[in-house]
Each structure stands twice: as structure tokens, then as C-alpha cells.
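Residues in the sequence shown are numbered consecutively from 2, following the working numbering.
Ideal placement from N, C-alpha and C gives every residue a C-beta, glycine not left out.
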Amino acid sequence: MKITIVGTGYVGLVTGTCFAEIGHDVLCVDNDERKIAALRKLQMPIYEDGLEDMVRRNVEAGRLHFTSSIREGTLFAEVIFIAVGTPPGYHGEPNLSYVEQVGREVAAHMDGYRLLVEKSTVPVNTGEQLKRTVTKYLRADVDFDVASNPEFLREGTAIHDAFKPDRIVIGVESERAAKLLREIYEPIIRDSGCEFLTMNIASAELTKHASNSFLATKISFINAVARVCELAGADVEQVAHGMGLDRRIGRSFLRAGVGYGGSCFPKDVDAFVYLADQIGYDFTLLKEVQKINRGQREHILRRIQHELWVVNDKVIAILGLAFKPGTDDIRESPALFFVPHLLKDGARLKLWDPVAAAKFRELHPEPEYLDDILDCARDAELLLILTDWPQIAEIPLDKLRDVMKCPVIIDGRNVLDPATARNAGFTYSSVGRP
Ligand code: UDX
Ligand code: UDX
């Protein structure tokens, strides 16, 4: 089937490539001409495991194409997925101007029936607004449908998630739209055995916001428990394990640490709070979730300040700039909180990340960037771990201790084992562990 995807960010590029991989003929549209030119040369705008090979394979097979022309995209396929960004505005409300713009542009070029599918995370009732916009800007006398198909993929495991989803959710208003979407996803449903849920558009939109907000709530919950553990001499890892084995609770998303980041959780929780408020519900639970998340970062910053006593002129090594391992995405990453604060306090920073360093450097050119963990730690008076990259757990601790000026580790992701670190001669502290 022919499919157009508008927006080749994380969501759009992965979705389009995976649709091509299952045999569809896909045209990816982006108004960033440089991005399209690079993609045509098979240069990826993001780092995602396995993506480059899959893009190459499908481009070579003639199933995946790129253009910066929305007109071409509109004329190419009956089904058009909208995966443009929805960045947060000043009050946490999502900026929907890109979605609206795509709606207007598509409407202007439609020459027959089209199904417009919102793939970006959007507030409830965006479908309704999109429908109004398309109706207003339509030039030809043609039918169209709007649908919602929220994306649940995680960065770092995006391709796996696309082929093995826990569920596929679609929100539709017509049989025709439901049938088209079912046909697109049929190969994935067959292979993965996942549920295909059909509901109305508002419910589908809400399913996405509610899911992300719930996962963020789980993380903030365990982070709050971690703070209690620190005060009570308990071990949050053991508590989380004990809780998680209860199938009703589940083990996942109970890793305590420096708090959640990324392009989705912070933005989606903000948006959900804002939208609930707009329609008359004060979502105080989620406000606490946000507060706890911020609190984790502030708590660890205070610990650094306490440990060093005077931060000015101290050498601090930071391991991990991406918001999580497996990605070069630094949006809302904890490092974006710590680096400016520590620089302001006069620290001399040495930073390491296996893939996100280049992106981070564009925002913060001042610190020193090192490719090797031991080089990064050399002469440091404190080592701070902010991303749970597997490489960090493999550092030889005796060598690490020897290169550092003072063997102090603050582990914001509970990557190392406390007893092992202490036996190796470190002053070691982590999150929620005695
Ligand atoms: C974004 C949102 O952050 C996420 O919440 C939503 O679910 C999907 O969209 P992501 O794919 O990571 O996720 O966004 P981003 O990397 O910003 O990519 C959006 C792309 O759309 C960019 O390549 C941008 O150039 C493109 N775009 C934007 C258009 O093609 N047309 C526009 O009008 C605006
Ligand atoms: C998330 C959702 O999981 C996904 O379904 C949605 O489509 C997009 O948003 P993503 O942002 O890629 O995916 O990353 P995720 O793995 O969910 O992690 C988000 C943040 O939470 C990261 O900063 C991570 O380090 C943190 N996290 C996650 C914890 O602090 N503890 C945990 O137990 C799990």
C-alpha cells in the first residue's frame, strides 16, 4: 500500500522505514530540505540501532523515498501520517502549529479521498481541530477522514518496538479509515500477535497521554520511595524488586535515578496537566510527579555541592549526556540540568558520552569532551554518572581510582554496585541505596 509520512524526526522516520520494511511503498516528507538531502544520501539525522541499514535496504528496494514537497506527499498516497514535532509552549501546552500547518497544506493539494492520521502525540480533540482546518482549506470537492494512531515506540529500541508492539491503538470515525489502518498494520499484527484496538479519536489521543503519564508516575513514585530509603537505611533496588514481582505492579519503570528525561515524558506530562486544567480538572497527582522529577536533580546537585564543599575550580567528570542509553537524543537530558549549574558554580567539566557528545557540544562548547572514560576521569575530583550506558558498568574500578585525583563517585543511575565500588576505595553514593 502507498503511504505518506510527514515529518522525518524520530517518530516519522522510524515509522516510515518500518512500513517500507513490511512491504509498503512509503514517501517521507520533511520541510527541512537539508534533512531530506542527507536522507537521500543515506545519512541519518538520528542515531537509532539498526535504522541506517533498514533505510538503505528499503531505499535500494525502491520502497522508501524522500521529498521536501508536501504537494508530492499529498498526491502520492491515500493515507498520510502526520509525525511533525509538537514542542512544549510556555505553559506546558503543546505547540500544535506544525500539525495545523500540515493540515492546511495537505488540504490545499488533495485531489481525492485522503485519510490523515495523527501520529504525533497531541492533546485530546486535536483530531476535531484538524478536521475543521482541513474542511476550511480544502480546494477540491473530496472526502477525507481524520484518525489517531498514537506511537508508543521508545528511543534506542524503536525498531524492535515497531515490529513487536504491546498493542496498536487507532481512533477512527469511519469504517473506511479503520479498514485502511488495519490493512497497513496487518503484517505486524500477524507476526507479533499484538492486539489491534479500535476506539474513537478522543480515546486514542488520551490513551497516549495517559500511558506516558502513568509511566512517568511510576518513575517518580520509585524516586520518592528512594528518598525515603535514603532516610531509612533501606535499599530501593530491593524494594523495587520486591514490589515488581507482584504481577499487578510489574518490574518495569521502577528504576530509581536522576529522573526521567527525553522528548516525551516531560513534555507529555506537562501537556496532560495543562489540558486537564483547560477542560476543568486539576490533575494534582501529575503536578507532584513533575515536582518529584525536578527534585531528584536538585537533590543530587546538593549532594555534589556538599561533597565538594567548594565547587569553584574543581574538576568534575560527567559520564552520560544522552537522556538514556542507546540514543544520541539529549532533549531534557539530566546533563542539560547539571552542566550549566556546575559551570555557573565554576567547576571545570570533562564530559563523556559514546554517541551524544557531538549534539551536546553544539549547546555547550565550553567543557572538555573525551572519547574514553578513563581519560575523562583523569584528575577528576568527583565523577558523576547521569546515563546508564552499559560501558560504565564495565570500567575497571582499580584503574578508575588510580587516574582520579579524589576517588569520589556520585552514581545518578545506580549503575555500579555500592559494595564493589567501596571495596575499590571509592567514596560512593547512589540513589536510594545505603
Ligand atoms: C515529535 C514529538 O516530539 C512527539 O511528541 C510526537 O509524538 C512526534 O513528533 P520526533 O519525531 O522526535 O517527535 O520530532 P522531531 O524530531 O521534532 O521531528 C519532527 C520532524 O517534522 C522534523 O524533521 C521537522 O523538520 C519536520 N517538520 C516539522 C515538517 O516536516 N513540517 C513541519 O511543518 C514541521
Ligand atoms: C517513552 C515511552 O516509553 C514510549 O512509549 C513513548 O512512545 C515515548 O516516550 P522514551 O522517551 O524513548 O519512550 O524512553 P523511555 O525508555 O520510556 O525512558 C524515558 C526516561 O525515563 C529516560 O530518561 C529514562 O532514563 C527514564 N527512566 C525509565 C527511569 O528513570 N527509570 C525507569 O525505570 C525507566
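- Message: Under DSSP, the beta strand (DSSP E) around residue 61 begins and ends at which residues?
- Response: Taking the sequence shown and counting its residues from 1, the one referred to as residue 61 is at position 60. Looking at the DSSP string, residue 61 is not in any beta strand (DSSP E); the run it does join, the alpha helix (DSSP H), is 52-61.
- Residues bridged to residue 186 [DSSP beta-bridge criterion]: Stepping through the sequence shown from its first residue, residue 186 is reached at position 185. Residue 186 has no beta-bridge partner at all, per DSSP.
- Closest Cα partner of residue 78 within the set 125, 145, 50, 124: As a first step, residue 78 must be located in the sequence shown, where it is residue number 77. Residue 145 is the option with its Cα nearest to residue 78.
- What's the gap between the Cα of residue 36 and the Cα of residue 262? Looking up residue 36 in the sequence shown gives position 35. Looking up residue 262 in the sequence shown gives position 261. When rounded, the separation of the alpha-carbon atoms in residue 36 and residue 262 is 25 Å.
- Looking only at its own chain, which residues have a Cβ that is under 6 Å from the Cβ of residue 242, when we skip the five neighbours before and after it? As a position in the sequence shown, residue 242 is number 241, starting the count at 1. Listed in chain order, the non-local C-beta contacts of residue 242 below 6 Å within the same chain number zero, local neighbours out to five positions each way being set aside.
- Message: Using only CA atoms, which one of 62, 55, 69 lies nearest to residue 9?
- Response: As a position in the sequence shown, residue 9 is number 8, starting the count at 1. The option with the nearest alpha carbon to residue 9 is 69.
- Quick one, which of 19, 91, 347 has its alpha-carbon nearest residue 51's? The residue labelled residue 51 in the question sits at position 50 within the sequence shown. Looking at the Cα atoms, 19 is the closest of the given residues.
- With ligand 4 as the reference, list in chain order each residue whose Cβ lies under 6 Å from any of its heavy atoms. Among the ligands present in this structure, namely ligand 1 and ligand 2, ligand 4 is not found.
- Message: Just to confirm, is the Cβ distance from residue 40 to residue 67 under 9 Å?
- Response: Counted from its first residue, the sequence shown places residue 40 at position 39. Counted from its first residue, the sequence shown places residue 67 at position 66. Cβ distance < 9 Å, so residue 40 and residue 67 count as in contact.
- May I ask whether a heavy atom of ligand 1 can be found less than 8 Å away from the beta carbon of residue 88? Taking the first residue of the sequence shown as position 1, residue 88 is located at position 87. It does: the Cβ of residue 88 is within 8 Å (strictly closer) of some heavy atom of ligand 1.
- Does ligand 1 have even one heavy atom less than 8 Å from the beta-carbon of residue 124? In the sequence shown, residue 124 corresponds to position 123, counting from 1. No, Cβ of residue 124 sits at least 8 Å from all heavy atoms of ligand 1.
- Mind pulling the beta strand (DSSP E) runs of 3 or more residues that sit fully within the stretch 373-398? Those beta strand (DSSP E) runs which fall completely within the stretch 373-398 and span 3+ residues are 383-386.
- Tell me whether residue 122 is buried or exposed, calling it buried when 16 or more other Cβ atoms sit within 10 Å of its Cβ. Translated into the one-based positions of the sequence shown, residue 122 becomes position 121. With 16 or more Cβ atoms within 10 Å of its Cβ, residue 122 is classed as buried.
- Bridge partners of residue 320, per DSSP? Taking the sequence shown and counting its residues from 1, one reaches residue 320 at position 319. Answer by DSSP bridge pairing, in chain order: 353, 386.
- Task: Could you tell me which residues DSSP puts in a beta bridge with residue 428?
- Result: Position 427 of the sequence shown, counted from the start, is the residue given in the question as residue 428. Residue 428 is bridged to 409.
- Message: Rounded to the nearest angstrom, what separates residue 321 and residue 90 at their Cα positions?
- Response: Position 320 of the sequence shown holds residue 321. Position 89 of the sequence shown holds residue 90. Counting only the Cα atoms, residue 90 lies some 27 Å from residue 321.
- Item | residue 417, DSSP secondary structure in three states | What you label residue 417 is simply residue 416 of the sequence shown in a count that begins at 1. Collapsing the DSSP output to three states places residue 417 in coil.
- Across which residues does DSSP place residue 212 in a beta bridge pair? Translated into the one-based positions of the sequence shown, residue 212 becomes position 211. As far as DSSP is concerned, residue 212 takes part in no beta bridge.
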